[in-house]
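Below you'll find the structure, written out as C-alpha cells, and then a few comments.
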Amino acid sequence: MTNSLHLSNFEFAPFFTLRMANTPLRQQLSTMRQSFFDEGLLDEEQVSYLETLENEDDPDFIENLFTMFLRDSSRYIDSMEKALEATPVDYPVMELMMYRLKGSSASLGASKINGETNTLRKFFHDGDMESGKASLQKLKAEHATLKEKLVVYVGVILLI
Numbered sequence: 009m010t011n012s013l014h015l016s017n018f019e020f021a022p023f024f025t026l027r028m029a030n031t032p033l034r035q036q037l038s039t040m041r042q043s044f045f046d047e048g049l050l051d052e053e054q055v056s057y058l059e060t061l062e063n064e065d066d067p068d069f070i071e072n073l074f075t076m077f078l079r080d081s082s083r084y085i086d087s088m089e090k091a092l093e094a095t096p097v098d099y100p101v102m103e104l105m106m107y108r109l110k111g112s113s114a115s116l117g118a119s120k121i122n123g124e125t126n127t128l129r130k131f132f133h134d135g136d137m138e139s140g141k142a143s144l145q146k147l148k149a150e151h152a153t154l155k156e157k158l159v160v161y162v163g164v165i166l167l168i
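Quick note on our numbering: the sequence shown kicks off at 9 and runs consecutively.
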C-alpha cells in the first residue's frame with residue numbers, strides 16, 4: 009500500500025459509536041461513518057453484522073478486515089489493469105482477480121466496488137473490451153474514493 013497511514017488504530021465497532029461524547033470531533037466521526045452508508049460506499053447491514061464479530065478476543069477484527077481489503081483490492085485492481093494491457097489479454101488472471109474482488113467486496117459490504125466489479129465481469133464475459141476498460145477505470149475511481157474516505161476516517165479516530 010502506497011499510503012503511509014496504516015489502519016492499525018482503526019475502530020469501527022458499535023461500542024465505539026455508543027461511547028462517543030458530544031464533542032465536535034466525535035460528532036464529525038459519527039457523521040463520516042454514516043456517510044459511508046448514505047453514499048452507498050458500504051452496506052450498513054453487512055457492516056453492522058461484521059461489527060458483531062468484533063469482541064474482546066479479537067478487538068481489531070474490523071480494523072484488520074478493512075486493512076486487508078484495502079491492501080488486497082489494490083493488488084487485484086493493479087493485476088486486472090496489467091492483464092487487460094497484455095497482448096493478448098491475460099484472461100485467466102483477469103477472471104481470477106475479478107472473482108477475488110467480487111468476493112472480498114461483497115464480504116466487506118463495499119457496495120459500489122462490488123457493483124462495478126459485476127459490471128466489469130459482464131463486459132469481460134461479453135467480450136466488450138472497450139467497455140470493460142472504461143468499467144475498470146470507474147472501478148479504480150470507486151476504490152480510490154472508498155480508500156480516501158477510510159483513511160480520513162481513521163485519521164479522525166487517531167485524533168480522538
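Glycine included, C-beta positions come from ideal geometry on N, C-alpha and C.
Only a predicted model underlies this, so the values are computations on that prediction, with no experimental measurement involved.
Supposed close pair residue i, residue j - CB separation, criterion 8 Å
i: L37; j: L92; result: In fact, because the Cβ distance is near 38 Å, the residues do not count as touching under 8 Å.
i: S112; j: F77; result: 6 Å
i: V97; j: M137; result: 7 Å
i: V55; j: G117; result: 5 Å
i: L49; j: K155; result: About 10 Å separates the two Cβ atoms, so there is no contact after all.
i: L33; j: L167; result: 6 Å
i: R129; j: K110; result: 7 Å
With 16 other Cβ atoms within 10 Å as the buried cut-off, status of residue i
i: G135; result: exposed
i: A149; result: exposed
i: D46; result: exposed
i: K90; result: exposed
i: Y84; result: buried
i: E53; result: exposed
i: G163; result: exposed
i: D51; result: buried
i: T125; result: buried
i: S119; result: buried
Through-space distance from residue j to residue i, alpha-carbon basis
i: N63; j: S82; result: 28 Å
i: K141; j: T31; result: 45 Å
i: Y99; j: Q35; result: 47 Å
i: Y107; j: D86; result: 14 Å
Residues that DSSP places opposite residue i in a beta bridge
i: D46; result: Its beta-bridge partners do not exist; DSSP assigns none.
Give a yes or no on contact between the stretch 121-135 and the stretch 97-111, applying the rule of three or more CB pairs nearer than 8 Å. yes
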